[in-house]
Structure formats: C-alpha cells, structure tokens
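**Student:** Numbering-wise, the numbering used here comes out as the position in the sequence shown, counting from 1, plus 167.
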Amino acid sequence: MSVDRMTILIVDDEKNIREGLSKALALAGYHTLMADTGSEAVRVLERDAVDLVISDLRMPGLSGEQLLRRVVSAYPAIPVIILTGHGTIESAVTAMHAGAYDFLTKPVNLDRLELLVKRALSRRQLMLENLTLQRELERRSTAHQLVTASPAMKRAWEVVEQVAPSRASVLITGESGVGKELVADAIHSLSPRRAAKFVKVHCAALTETLLESELFGHERGAFTGAVSRRRGRFELADGGTIFLDEIGEISQNIQIKLLRILQERAFERVGGEETIIADVRVVAATNRDLLEAIEQGTFREDLYYRLNVVHIDVPPLRERLADISLLAAGFLKEFAEENGKQLVGFKPTAHSALRRYSWPGNVRELQNSIESAVVMARGSTIELHDLPPAVRHAQDAPAVRIPLGSTLDHGERELIRATLIHQHGNKSRTAGILGISRKTLHRKMREYQLED
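1. Taking C-beta to C-beta, are Arg-487 and Thr-597 nearer than 9 Å?
2. Using the rule of at least 16 other Cβ atoms within 10 Å of the residue's Cβ for burial, across every protein chain shown, is Met-543 buried or exposed?
3. By how many angstroms is the C-alpha of Ala-451 removed from the C-alpha of Glu-207?
4. Please name the residue in Ile-588, Glu-579 and Ala-319 whose C-alpha comes closest to that of Glu-614.
5. Use the C-beta contact count for His-311: other C-beta atoms within 10 angstroms, 16 or more gives buried, fewer gives exposed.
6. According to the Cβ coordinates, are Glu-504 and Asp-412 closer than 9 Å?
7. Between Ala-496, Leu-458, Ser-492 and Gly-497, which lies nearest to His-478 when the distance is taken from Cα to Cα?
8. If you measure from the beta carbon of Gln-509 to each beta carbon in chain C, is any gap under 9 Å?
9. Following the continuous alpha helix (DSSP H) through Asp-218, name the residue where it begins and the one where it ends.
10. Does the beta-carbon distance from Gly-205 to Val-178 come in below 9 Å?
11. Provide the residue(s) that pair with Ala-355 in DSSP beta bridges, ordered along the chain.
12. Quick check on DSSP: helix, strand or coil for Met-173?
13. Where Arg-448 and Val-511 are concerned, what is the direct C-alpha to C-alpha distance, given to the nearest angstrom?
14. Reducing DSSP to helix, strand and coil, say where His-311 ends up.
15. Output the boundary residues of the beta strand (DSSP E) element that contains Ala-540.
16. Beta carbon of Gly-266, beta carbon of Arg-236: below 9 Å?
17. Just the Cα atoms here: how many angstroms apart are Lys-508 and Leu-533?
18. In whole angstroms, what is the alpha-carbon distance linking Glu-386 and Glu-440?
19. If the criterion is Cβ atoms closer than 9 Å, does the pair Ile-249 and Val-217 meet it?
20. Return helix, strand or coil for Glu-435, following the three-state DSSP convention.
21. What are the partner residues of Thr-199, as DSSP defines its beta bridges?
22. Could you give the distance in angstroms between the alpha-carbon of Glu-257 and the alpha-carbon of Arg-210?
23. Work out the CA separation of Ser-539 and Pro-556 for me, nearest whole Å.
24. Going by beta-carbon coordinates alone, are Asp-203 and Lys-182 separated by less than 9 Å?
25. Within 10 Å of its beta-carbon, does Asp-553 have 16 or more other beta-carbons around it, so buried, or fewer, so exposed?
26. Starting from the C-beta of Gly-438, find all residues in its chain whose C-beta is less than 6 Å away, skip the five residues before and the five after it, and write them out in chain order.
27. If I follow the unbroken beta strand (DSSP E) through Ala-452, where does it start and stop?
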C-alpha cells in the first residue's frame, strides 16, 4: 500500500513524544499533524483530512478515551491507535472495546508502531472500498426507484443519465413532494463523483446568518457563539456534489456568494480572510418560479443562468396518472413488509380513488397515504375505507364549464383563468399545461385583464 498523501494525526501532551513520533513517521513517508490536547485534535479533524489518529490515553482536558469516542462517532472510517503507560493497560483494553484499532505501551517500539500503522491504514482503505461498493449498490437502488411509466418522467430520466457524467450545474424544478431530491440523488450516484460526499442543504430551514455559516463555514469569534472554527458544507463537499434544496428562498447576500463559487470555485469562511478553493458540483432545486422571482427583483438573473445550465422539471403526480398505480404498488409492498402484513393489492374502488385524487402533496403524500392504508387494513387487500378521508372522498378532476354560445375569446379567457387558479398562480406551469410560451401567456393575461 502506498503511503502517499496518508495523513496521521499525533495527539500527546508530552512534546518529546509528540515530535519524536512525528519525525519517525515522516521518515517512513507519512504526512503528520500534531495536537497537544484532545480539544485541539478535534479542531484539526474538522479542518484537515486525516487518515489515522495516534492518541495518548491520559491527557488533561479532553482525554484520549473521550477523543476516541468522538472519532468513532463522527469519523467511523478513521482508525485510532491508543498510547498508554504500563499502569493503564486495563484502560487501553477498555478503549479497544470502545472502538480503538489497537494500543501501544510507552516507551513506543517504533518497529511495532510502523507495523500497526500499515495495518490500520490497510483497514481504512478496505472500509473506503466497501463504502464505494455500498454507494454503487445505492446508486442502482436509486435508479430502480425512478422506474416510471410517464412519458414526461422518462424524458426527465433521460436527461439525468445524460447530464450525470458531466460537471454541469443542474436546476431541478417541481412542486413540493414530486421527488426532486430523488433526482438529485440519481445525478450524484450516476456521476464520477459518486465515491465522494453528497451534501444536502435545505436552504429554507435556516435563517440567513445560519445558512451562510452552514454553507461557507466560520472562523472562531466570527459571531456570538462561534467558539471554534467550523468547516462549511461547500468545504465538506470538496470533490463531490452539494444539493441546495429550495434555492429560491436564499437572500441576495448569499446569492452573490453562490455566484462567486459557481464562477471561481472560491469563497471565504464567515469572519475569515483565507480564500478556499472547492471543487464542488452544484445541484439546486426549487418549487418557486425563479423567472417570476427575477421579474420581481428577488432572485439574481446571473445566478439563475449559472444554476440553470441543465434544467430538469419534475411534473406533479396528477400529470403522471400512469405512475400512480406503479408507485402505490411499490409503497404497498414496502409498508406491508414493514408492518408484517400479507397484502396483495387494492380493491377497484380504492384504486379508482387513488387515480381520481389530485395529490397536492404529490409522491410524498401518496407514500404517506399508502402507509396509513396499510396500517388500517384488516383484510388481504386495501379497501376504500382504509384510505385517508381526503383520498376516498376525492372528486373527479377539475373541469372548466363554458356555456354553448360563448365566444372563442371567452372560452380561452376562462381556460387560462381556471388553469392559473389550479396552478396557484404559477405562470411557468400554467404556460406548460396550456402549451404556450410564458411570453404568450403574459400577453394574453394582459389582453384578458387577468394580471391580478
């Protein structure tokens, strides 16, 4: 096994031991980092990529055993070798049970140390290879989940397969619950970056200050409560993919910083001056009409075009009737197994209700509804009364009633008005359903006085 770029963190409050081990391992070809306390070691791990930790067991402040537990919890693929005196071997054995790779007694036998280091790093390499294999299996699982009978979804999936091998930014649009995150997962899983991290950030869930720190990290003292340096999500995603969900909710300040990352792949932590370069692929998603947000001055046009190199629109479930039966059958099998029930399908009345309902919550609502029905079912099939009230009382799809004798202009006006209402004022979706451009829709809205 090559030792190139392998980094070992040595943690010991005794300077002579710390520096002596560092020199010995450096001569063996390893890159070493040092920390004199457990707390400093935690900061190094947050800041730098480390392959192995060698830590003294007895240290003031954060002890070696406490440090071990943090590493095992936060960085399970990083092995830890414990150093201990002859009088604390029992404690070292306890550390082994807590997840340490092995232990060495002081004074350290350097030949024994080098052998342990090689074995520990070989184990780490095997763990990383297993993780890569697991991600490949997850990739295949994700691809299976995107099986669809809908022509619109098939087109979206073709775009996913075509864009995944590239490094192009992707903007995924669609209503809440349609499966935008699943599409983002598939893009990463099918890309050359699949062995690296896939970092997800829900932009609407955080305030501007917290989101800025979450994305870009912060330096110690950057704001009240910033007691130590913290790496941001872009830094953590270096070499991989970051998924920015609900990108339409971010402030102008963060939009500017995102634009710089997309243009230069560079940023600074909050409160910092050091410029950090990160090779990160950006996949963003939104349920908002960003072109409309640009017109209203709440979203930057230049950022939109940087994000929208490739656009994938995920249609709502009510426009994918062929998928309702497929998805419902899949969810039925999944939840029946989870709940230990033998269920073979849906009664015709229940199946009709599923297809008749408009699914405002889309796939997520369908999933929750099937889980509820499985729990409530008493027989071998899902019956109408097993479904949630909103689903079983569903009416036929909304329609536009135009009296005979109406003019074509009146009919067109009513169709546009009803579609706008049904799409909650979303002009892009309204134009798509009507088969016209946004520009044509805006012109007709002005013509028919529907702008309000």
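Where a beta carbon is used, it is the ideal one built from N, C-alpha and C, also for glycine.
No experiment lies behind these values; they were computed from the predicted model shown.
**Tutor:** In terms of the structure at hand:
1. No.
2. Under this definition Met-543 is an exposed residue.
3. Cα to Cα, Glu-207 sits roughly 35 Å from Ala-451.
4. Closest by alpha carbon: Glu-579.
5. Any reading at His-311 must be qualified, since the residue scores a pLDDT of 42, below 50, and its modelled position is unreliable; no value is offered.
6. Not in contact: Glu-504 and Asp-412 (Cβ atoms no closer than 9 Å).
7. Of Ala-496, Leu-458, Ser-492 and Gly-497, the residue nearest in Cα terms is Leu-458.
8. Judged by its chain identifiers, the structure shown contains no chain C, having just a single protein chain.
9. Careful: Asp-218 lies outside any alpha helix (DSSP H) and carries neither H nor E.
10. Yes, Cβ-Cβ distance for Gly-205 and Val-178 is below 9 Å.
11. Reading off the sequence shown, one finds His at residue 355, where the question assumed Ala. Among the bridge pairs identified by DSSP, His-355 is matched with none.
12. Met-173 sits in coil when the DSSP states are folded into three classes, being neither helix nor strand.
13. Arg-448 and Val-511 have their C-alpha atoms some 43 Å from each other.
14. With a pLDDT of 42 at His-311, under the threshold of 50, the modelled position of that residue is not reliable, and the figure given next carries that caveat. Helix.
15. Per DSSP, Ala-540 belongs to no beta strand (DSSP E); it is in the alpha helix (DSSP H), 529-543.
16. Between Gly-266 and Arg-236, the gap from beta carbon to beta carbon is short of 9 Å.
17. Their Cα atoms are separated by approximately 19 Å.
18. Approximately 9 Å between the Cα atoms of the pair.
19. With respect to Val-217, Ile-249 sits apart: the two C-beta atoms are not nearer than 9 Å.
20. Glu-435 falls in the strand class under three-state DSSP.
21. Per DSSP, the beta-bridge partners of Thr-199 are Ile-175.
22. Approximately 28 Å between the Cα atoms of the pair.
23. In a straight line, the C-alpha of Pro-556 is about 11 Å away from that of Ser-539.
24. Contact: yes.
25. Residue environment analysis places Asp-553 among the buried positions, since at least 16 neighbouring C-beta atoms fall within 10 angstroms of its C-beta.
26. Cβ contact annotation for Gly-438 (same chain, cutoff 6 Å, sequence separation greater than five): His-385, Glu-386 and Ala-389, in chain order.
27. For Ala-452, the enclosing beta strand (DSSP E) has its first and last residue at 448-453.
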